[in-house]
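If you count the sequence shown from 1, position 91 lands on 91 in the numbering used here, and the numbers rise without skipping.
Quick reminder that beta carbons are idealized off the backbone N, C-alpha and C, glycines included.
Keep in mind it's a predicted model, so treat the numbers as computed, not measured.
What follows is a set of notes on a single structure, which appears directly below.
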Amino acid sequence: MNNEEDGKKKELIERIVKQFMVMAPGFKRSMMAPPDMAGLPKLTSLEHMALLVLAAPGESSMTMNRLASLMGISKQQTTKIADGLVELQFIERYTNPDNRREVLVEPSDAGREYLKKLVDYRLAQLAEKVCAYDVADLERVLGHITEINRIFGFRAEDTEK
Numbered sequence: 001m002n003n004e005e006d007g008k009k010k011e012l013i014e015r016i017v018k019q020f021m022v023m024a025p026g027f028k029r030s031m032m033a034p035p036d037m038a039g040l041p042k043l044t045s046l047e048h049m050a051l052l053v054l055a056a057p058g059e060s061s062m063t064m065n066r067l068a069s070l071m072g073i074s075k076q077q078t079t080k081i082a083d084g085l086v087e088l089q090f091i092e093r094y095t096n097p098d099n100r101r102e103v104l105v106e107p108s109d110a111g112r113e114y115l116k117k118l119v120d121y122r123l124a125q126l127a128e129k130v131c132a133y134d135v136a137d138l139e140r141v142l143g144h145i146t147e148i149n150r151i152f153g154f155r156a157e158d159t160e161k
């Protein structure tokens, strides 16, 4: 590799970083914020995020400590969030039978139903925005998103395979 190519790569990487910095707040507002769905309780942003983390592909139940770690918040905050979700009957919280010092949490049936409605809601939103894309365009977008997830160490496998 030569200096010209190295310089071009550095410039492109800087542009990618700037695009992510622009994208993050908008993505948080448009896809990650709890929507106001008719007939369903309005969750706080952290309750919404906790439910999404708990329902991630490959997860069944997890400790409160793991939930706090994955969300990047304190255990005390996680307890308050879990209390609200238990009150809404969106998660179940119980003592780990193998280690009585650990508390496990997982989505309840009502939480899973909320998540199903959320996916349907987000699907309708996104379908409206990408309706002009053809199958090849959508496959490219999916490939790019999967690769971005892989780069950042997130689950990169296609969740439908």
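Best match in the options for proximity to residue i [C-alpha to C-alpha]
| i | options | result |
| --- | --- | --- |
| Ser45 | Leu85, Ala110, Met62, Phe154 | Leu85 |
| Leu104 | Met62, Ser74, Asp120 | Met62 |
| Ala110 | Glu92, Ile13, Ala124 | Glu92 |
| Ala124 | Met49, Met23, Pro35, Glu14 | Pro35 |
| Gly153 | Leu70, Val135, Asn99 | Leu70 |
| Arg112 | Glu47, Ala55, Glu5 | Ala55 |
| Asn65 | Thr95, Tyr121, Ala136 | Thr95 |
| Lys117 | Met23, Gly26, Leu51 | Leu51 |
| Ala68 | Cys131, Ala82, Pro57 | Ala82 |
| Gly72 | Gly58, Met49, Pro57 | Met49 |
| Glu87 | Ala127, Gly58, Leu43 | Leu43 |
| Ser60 | Val141, Glu106, Lys80, Asp6 | Glu106 |
| Gln89 | Arg15, Val135, Gly143, Pro41 | Pro41 |
Span separating the alpha-carbon of residue i from that of residue j
| i | j | result |
| --- | --- | --- |
| Arg29 | Val119 | 16 Å |
| Met32 | Ile145 | 16 Å |
| Val17 | Ile151 | 13 Å |
| Tyr195 | Leu115 | Outside the shown range of the chain, which is 1 to 161, sits residue 195, and nothing can be said about it. |
| Lys161 | Glu147 | Its pLDDT being 48, under 50, Lys161 is placed unreliably in this model, and the value from its coordinates should be taken loosely. Distance between the alpha carbons of Lys161 and Glu147: 16 Å. |
| Ile13 | Phe20 | 11 Å |
| Phe27 | Lys8 | 28 Å |
| Arg101 | Gly58 | 24 Å |
| Glu11 | Arg140 | 23 Å |
| Val22 | Asn99 | 44 Å |
| Ala127 | Pro25 | 21 Å |
| Gly39 | Glu47 | 17 Å |
| Asp6 | Asp137 | 30 Å |
| Lys80 | Ser74 | 10 Å |
| Thr78 | Glu4 | 49 Å |
Opposing strand residues paired with residue i [DSSP bridges]
| i | result |
| --- | --- |
| Ile145 | DSSP lists no partner for Ile145. |
| Arg93 | Val105 |
| Asn99 | Asn96 |
Can you check the region 1-37 for any alpha helix (DSSP H) of at least 4 residues that lies completely inside it and give the ranges in chain order?
The alpha helix (DSSP H) runs lying completely inside the region 1-37 and spanning 4 residues or more are 3-27, given in chain order.
Quick one: which unbroken alpha helix (DSSP H) runs of 4-plus residues sit fully inside the region 41-87? Chain order, please.
The region 41-87 contains these whole alpha helix (DSSP H) runs: 45-54, 64-71, 75-87.
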